[in-house]
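Structure first, then comments.
Residue numbers (this note's numbering): 82 to 376.
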């Protein structure tokens, strides 16, 4: 993504109920049209960026994340972990009055992570996130959130999170990434009903669609669904001991994973990495497709 000449704001903390309220209000009938709540038009939006004060990677938080996602305890963080440090910045962008789409109802389509080297527990990191102008998609409009993590001036980790706002689309636009097949290997993970609440506790992502049947139904789901970034992390954890220290991992999120439920893990060796997948073990419906590259 090209560099953008936009104002960079500093996230100074906060979150929880106040952030969730700011995320939800623009999606509510009538309330979402009020001054100070109504989102700006996407026309003319060129971008927005946030940074946060230097943050030190804490052992307790890393270990809690590793337990929820299936990683072993190590002195370096799991590959997807820095997303935890960037998520408050993503929410700060989405709830900023200048950002033209409500956070609630915006769908996480794809995620790409590049780890340039392992990040050690205890390292001091500088984290920034930015988003550019909206891009066309067959089913609406997409926004690409780019995160960079530096340690002592060195770029050690980066990611692109692609979010979709459904609406009038462009049938000529790209529909997203294509991944090699990875058939199920016979491994099936049973996911508990409280997985979304547990992951929300370590990630800060308390979107109601992940928490309880009642809160999920209010937003159009039969019951709560797993976080997309948990499904990505669980797949990476299954491959963790076979991935190099410098690696890129891309995923596309397909059909939601309802909780409680089960998912079948698939994996296939490629010349330069692995293809992997998650699917419904009963009917084969795809939940996630991904692949890795050694750098």
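All C-beta atoms in this analysis are idealised placements derived from N, C-alpha and C, irrespective of residue type, glycine included.
Relative to the alpha-carbon of residue i, which residue among the options has its alpha-carbon at the smallest distance?
i	options	result
residue 338	257, 367, 243 and 258	367
residue 173	323, 211 and 282	211
residue 124	217, 143, 371 and 186	217
residue 240	192, 351 and 144	192
residue 267	261, 293, 358 and 258	358
residue 277	246, 307, 89 and 143	307
residue 272	175, 287, 234 and 311	311
residue 94	297, 170, 362 and 265	170
residue 285	164, 152, 219 and 293	164
residue 162	139, 215, 132 and 376	139
residue 91	157, 151 and 207	207
residue 330	342, 336 and 353	353
residue 345	126, 274, 265 and 255	265
residue 250	236, 219, 151 and 321	219
residue 209	247, 347, 135 and 297	135
residue 315	133, 303, 294 and 151	151
residue 313	156, 334, 293 and 303	334
residue 319	303, 292, 294 and 347	347
Can you round the beta-carbon distance between residue i and residue j to whole angstroms, since I take them to be within the 8 angstroms contact cut?
i	j	result
residue 205	residue 167	Between residue 167 and residue 205 the Cβ distance is about 16 angstroms, and since that is not below 8 angstroms, they are no contact.
residue 317	residue 370	Contact doesn't hold; Cβ gap of about 14 angstroms is too wide.
residue 270	residue 343	7 angstroms
residue 391	residue 197	The requested residue 391 does not occur in the structure, where the chain is confined to residues 82 to 376.
residue 126	residue 178	Incorrect: roughly 11 angstroms between the Cβ atoms, too far for contact.
May I have the straight-line CA-CA distance separating residue i from residue j, to the nearest angstrom?
i	j	result
residue 261	residue 190	17 angstroms
residue 111	residue 183	Because residue 111 carries a pLDDT of 41, less than 50, the predicted location of this residue cannot be relied on, and no value is offered for it.
residue 364	residue 258	23 angstroms
residue 356	residue 263	6 angstroms
residue 305	residue 283	17 angstroms
residue 223	residue 255	11 angstroms
residue 221	residue 214	14 angstroms
residue 336	residue 185	18 angstroms
residue 362	residue 234	45 angstroms
residue 87	residue 160	29 angstroms
residue 321	residue 247	34 angstroms
residue 296	residue 341	15 angstroms
residue 242	residue 292	22 angstroms
residue 253	residue 176	30 angstroms
residue 225	residue 236	19 angstroms
residue 303	residue 287	18 angstroms
residue 115	residue 156	Because residue 115 sits at a pLDDT of 48, beneath the cut-off of 50, its placement in the model cannot be relied upon, and the following sentence gives the value as read from the coordinates. Approximately 49 angstroms, taken between the alpha carbons.
residue 143	residue 325	20 angstroms
Looking at residue i: is its Cβ nearer than 8 angstroms to the Cβ of residue j?
i	j	result
residue 227	residue 238	no
residue 187	residue 244	yes
residue 289	residue 274	no
residue 195	residue 131	no
residue 200	residue 158	yes
residue 153	residue 147	yes
Quick check on the burial criterion: 16 or more other C-beta atoms within 10 angstroms. Buried or exposed for residue i?
i	result
residue 373	buried
residue 350	exposed
residue 137	exposed
residue 128	buried
residue 301	exposed
residue 309	buried
residue 203	exposed
residue 323	exposed
residue 141	exposed
Please report whether the beta-carbon of residue i lies at a distance below 8 angstroms from any beta-carbon of chain B.
i	result
residue 195	Within the model displayed, chain B is absent; a lone protein chain is all it includes.
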